[in-house]
Each structure stands twice: as C-alpha cells, then as structure tokens.
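In this note's numbering, the protein residues as written are 1 to 154.
Backbone N, C-alpha and C define an ideal beta-carbon position, used for all residues, glycine too.
Remember, predicted model here, so these are calculated numbers, not experimental data.
Have a look at the structure below, then the notes.
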C-alpha cells in the first residue's frame, strides 16, 4: 500500500501531504486516520507514547469523544527528504461547553511508501471564549477558501 505523495518531498508535495493529513483528521474517523501510519508507527503525543495502528485508533477514538466539535488547521513549517515539520492549531469544546484552542508542532517521518512511521507532537491548550473562535466552518474538511494559520495571524 502506498500513500502519495511519496518522499522525497518538494514544497508542493509536502503541502499536499499536510493538507491530506488535515482533511483526514477533520473527518474525526479514527480508522481512516490510522491507515496513514505504518503498522508499527511510533508516536509521542504530549506525554503519551504509542506504537502501532491499533493503539493510534484507540487513542483517536478517546480524543474525539472528549474533544467535541473539533476543527483543525495544519501548515508546513519545514521539510527535508522523508521528513515534514508541521505547526497546527485546532479548536474544540469539552463536555461542559468550554472552548479551547490547542496549538502545537509535529515532526513527521515517512517510509518509502508514504506512510508515517514516526510522529512527535507537542501541544498546548488555551481556553477561549466562544466569541474568540476562528475555525467556524461546518464540521468536516476545511473549505479551500477558509484562511490558514498564517492568514489568521496564528
């Protein structure tokens, strides 16, 4: 199985890979998202360490049950050969209705088939008021005409 675009990445293909990842995560479908990773993929997400697609799928199911109305924007920070560095922000609310904007950076490494074999994520959460939200599209894929992180001043 291959997941184009494949490394080595160019500016164009790195941006495509990041947008495909953003689209998948905005689907909030753990099984769909997990298919982008190698069967033995290694993750560090905040203080959690995961190995393998099954663990990733379980992690994402729990994440999206806690983080309701999740909307994400990712942006390429840098790329080289089979690696991409990404910055991102996402907005979500908890079960009590409190909104958050979570900011972070990810470092990704891909195998030759374009599957992610390593993901390291550092994330910080900021409470926000409903009136401070900026990710206001309908749930699902971010519309092509919606501003990205840099355009939003994030």
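Starting from the C-beta of residue i, find all residues in its chain whose C-beta is less than 7 Å away, skip the five residues before and the five after it, and write them out in chain order.
i, result
"residue 133", "91, 99"
Alpha carbon to alpha carbon, how far is residue j from residue i? Give it in angstroms, no decimals.
i, j, result
"residue 139", "residue 26", "7 Å"
"residue 51", "residue 128", "32 Å"
"residue 107", "residue 86", "6 Å"
"residue 24", "residue 34", "9 Å"
"residue 135", "residue 154", "12 Å"
"residue 78", "residue 64", "28 Å"
"residue 28", "residue 150", "24 Å"
"residue 73", "residue 131", "19 Å"
Among the options, which one has its Cα closest to the Cα of residue i?
i, options, result
"residue 3", "105, 148, 117, 55", "117"
"residue 68", "93, 136, 45", "93"
"residue 16", "76, 151, 95, 88", "76"
Got a sec? Which residues, its chain only, sit under 6 Å from residue i by beta carbon, not counting five neighbours each side?
i, result
"residue 102", "90, 123, 125"
**OP:** Assess, as a yes-or-no matter, whether the segment 82 to 93 is touched by the segment 6 to 16 under the definition of 3 or more beta carbon pairs within less than 8 Å.
**Re:** Segments in contact, yes.
**OP:** Please determine if the segment 26 to 38 and the segment 102 to 118 are in contact, where contact requires at least 3 C-beta pairs separated by less than 8 Å.
**Re:** yes
Subject >> Those runs of the beta strand (DSSP E) which lie wholly inside the segment 29 to 64 and span at least 3 residues >> reply: With a minimum length of 3 residues, the continuous beta strand (DSSP E) runs that stay inside the segment 29 to 64 are 37 to 45, 48 to 51.
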